[in-house]
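A.B. asks: In my numbering, the protein residues as written are 181 to 361. Please find one structure pasted underneath; my questions will follow.
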């Protein structure tokens with residue numbers, strides 16, 4: 181019996197159009213639901229880093245990484261779940277408010293180091309950044325006021341420290357055409 185757990189993959193890819201579609205399609209064809217997916221350029225604009233959160237067993241992750249290797253634009257895959265890592269998520273939460281509830285909502289936002297980024301007559305928008313547990317906790321507390329809308333970015337993550345355990349990296353160096361001058 182293989183148990184599923186939430187896994188966080190960091191995938192370094194070439195920063196080109198169509199790469200996101202191919203990777204998302206790979207997960208879809210294998211029947212895996214991506215819980216969250218973030219992507220953006222790295223310190224080198226030629227590359228992008230994808231942070232993919234998925235519920236999968238060890239066997240399934242192994243199959244997924246083998247398939248990711250076959251994609252030409254994939255440079256490096258790291259299963260961050262197997263290392264020590266830092267992750268953050270941003271959430272914007274639109275909460276129903278009135279003159280009586282507004283101070284308590286502001287106090288909750290302050291406790292979570294959140295910010296009120298918009299105020300209207302009947303709603304506040306709270307911005308909060310943190311790990312999934314923190315985001316889930318503030319959502320739980322704000323539920324009693326009536327959450328109108330939530331927008332969450334999904335996880336972004338990096339391994340801790342200067343170097344990660346190389347045994348946890350699955351790396352493929354793309355073949356480049358060498359031309360002589």
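All residues carry an ideal CB built from backbone N, CA and C; glycine is no exception.
Quick check on the DSSP output: what are the complete alpha helix (DSSP H) runs of length 4 or more inside the region 222–299, in order along the chain?
C.D. replies: Runs of the alpha helix (DSSP H) inside the region 222–299: 238–249, 282–291.
A.B. asks: List the endpoints of the continuous alpha helix (DSSP H) containing residue 208.
C.D. replies: 199–209 is the extent of the alpha helix (DSSP H) around residue 208.
A.B. asks: Going by Cα to Cα distance, which pick from 263, 209, 231, 196 is closest to residue 243?
C.D. replies: With distances taken between Cα atoms, residue 243 lies closest to 209.
A.B. asks: Would you say the region 234–242 touches the region 301–312, given that touching needs at least three Cβ pairs under 8 Å?
C.D. replies: No: fewer than three Cβ pairs fall under 8 Å.
A.B. asks: Where does residue 341 fall in DSSP's three states?
C.D. replies: Coil, per DSSP.
A.B. asks: I'd like to check one pair, residue 296 with residue 325: are the Cβ atoms closer than 7 Å?
C.D. replies: Not closer than 7 Å, so no.
A.B. asks: By how many angstroms is the C-alpha of residue 192 removed from the C-alpha of residue 226?
C.D. replies: Going from the Cα of residue 226 to the Cα of residue 192 covers about 10 Å.
A.B. asks: Where does the unbroken beta strand (DSSP E) through residue 310 begin, and where does it stop?
C.D. replies: Taken as a continuous stretch (DSSP letters only), the beta strand (DSSP E) holding residue 310 covers 303–310.
A.B. asks: Starting from the C-beta of residue 274, find all residues in its chain whose C-beta is less than 6 Å away, skip the five residues before and the five after it, and write them out in chain order.
C.D. replies: Within the same chain, residue 274 has close Cβ partners 303, 305, 328, 329.
A.B. asks: Give me the residue from 338, 342, 289 with the minimum Cα distance to residue 323.
C.D. replies: Checking every option, the nearest Cα to that of residue 323 belongs to 289.
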